[in-house]
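Asker: My structure is below; once you've seen it, I'll send some questions.
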Amino acid sequence: GIQVEQSPPDLILQEGANSTLRCNFSDSVNNLQWFHQNPWGQLINLFYIPSGTKQNGRLSATTVATERYSLLYISSSQTTDSGVYFCAVRQLGTSYGKLTFGQGTILTVHP
Amino acid sequence: DVKVTQSSRYLVKRTGEKVFLECVQDMDHENMFWYRQDPGLGLRLIYFSYDVKMKEKGDIPEGYSVSREKKERFSLILESASTNQTSMYLCASTGTAITPNTGELFFGEGSRLTVL
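Below, the structure written as structure tokens:
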């Protein structure tokens, strides 16, 4: 099956700093999503981005499908950005919407 | 707004009890999923369903069963709960990816189960 690798595994920032999270995947995909898991455990959808670039406020994401990676940018980070960020992909040819998840990046933003 | 609702946020059960976790979505999605999440192991797929009364095993189906009698509802059943089933359980749903964005996966709030 497809492999999904996220880096870095852990990231510690001061409030106001910028960061880039990376997701590498081992095969062609037709879906890629970024999620933020909040302290209560809920997975919040950030981006649905199988290719191209999207922006939502301080967050933006870019997927280069031909090179099999995606980047999540967080600018001017806030303490509320803390949590775990997951990348998930759907391998081409996979049926029924099944996604494969990376292991996540744990982000801690200090005031 | 899209909505996936899980019946219980926190449950405490005893070893050997039968446990039902319920999930309801209001987006008319065909596909529904149950994952469990454990520290260091990430999200692992237990079972999924692509239609009413249809189900497929995921990566870790042992000790679990599922039921999908109606399109909007997908239940996870622990026939005889064991301590190693203490975990966070996450339900998700997605439509059939025919048009752009219809393959987006949405999660419920999660159910944290403790088996004593």
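These protein sequences, in sequence, are chains A and B.
Here the first sequence stands for residues 15 to 125, numbered as in our numbering.
Here the second sequence stands for residues 204 to 319, numbered as in our numbering.
C-beta atoms are modelled at their ideal positions from N, C-alpha and C, and glycine is treated no differently.
(1) Below 8 angstroms on the Cβ atoms is my guess for glycine 313(B) versus glycine 55(A); work out the distance and round it to an integer in Å.
(2) What in chain A is Cβ-close to leucine 248(B), meaning under 8 angstroms?
(3) Select from Glu19(A), Lys112(A), Leu121(A), Ser33(A) the residue whose C-alpha is nearest the C-alpha of tyrosine 99(A).
(4) Ends of the beta strand (DSSP E) at isoleucine 263(B)?
(5) Under 8 angstroms Cβ to Cβ from leucine 106(A), same chain only, skipping five residues before and after it: list those, please.
(6) Identify, in the order they occur along the chain, each residue of the same chain with its Cβ nearer than 7 angstroms to the Cβ of valine 103(A), setting aside the five sequence neighbours on each side.
(7) Run through chain B and tell me which residues come within less than 7 angstroms of glycine 118(A), C-beta to C-beta.
(8) Once DSSP output is grouped into helix, strand and coil, what is the label at aspartate 231(B)?
(9) Taking the alpha-carbon positions, what's the valine 269(B) to aspartate 241(B) distance?
(10) Please name the residue in Pro53(A), Arg82(A), Ser74(A), Ser21(A) whose C-alpha comes closest to that of serine 91(A).
Answerer: In brief:
(1) Walking along the second sequence from the start, residue 313(B) turns up at place 110. Walking along the first sequence from the start, residue 55(A) turns up at place 41. Yes, they are in contact, since the Cβ atoms of glycine 313(B) and glycine 55(A) sit about 4 angstroms apart, within 8 angstroms.
(2) In the second sequence, counting from the first residue as 1, residue 248(B) sits at position 45. Result: Lys112.
(3) Within the first sequence, residue 99(A) is the residue found at index 85, counting from 1. Nearest option by C-alpha distance: Leu121(A).
(4) Reading the second sequence from its first residue, position 60 is the one you call residue 263(B). Looking at the DSSP string, isoleucine 263(B) is not in any beta strand (DSSP E), and its letter there is neither H nor E.
(5) As a working note, residue 106(A) is residue 92 in the first sequence. For leucine 106(A), where only same-chain residues beyond five positions count, the Cβ hits under 8 angstroms are Asp41, Ser42, Val43, Asn44.
(6) The residue labelled residue 103(A) in the question sits at position 89 within the first sequence. Within the same chain, valine 103(A) has close Cβ partners Ile16, Val18, Phe39, Val43, Asn45, Leu46, Leu113, Thr114.
(7) Mapped onto the first sequence, residue 118(A) falls at position 104. Those are Gly245, listed as they occur along chain B.
(8) Position 28 of the second sequence holds residue 231(B). Residue state, collapsed to three classes: coil.
(9) Taking the first residue of the second sequence as 1, we reach residue 269(B) at position 66. Taking the first residue of the second sequence as 1, we reach residue 241(B) at position 38. Taking the straight line from one Cα to the other gives about 20 angstroms.
(10) Taking the first sequence and counting its residues from 1, the one referred to as residue 91(A) is at position 77. Answer by Cα proximity: Ser74(A).
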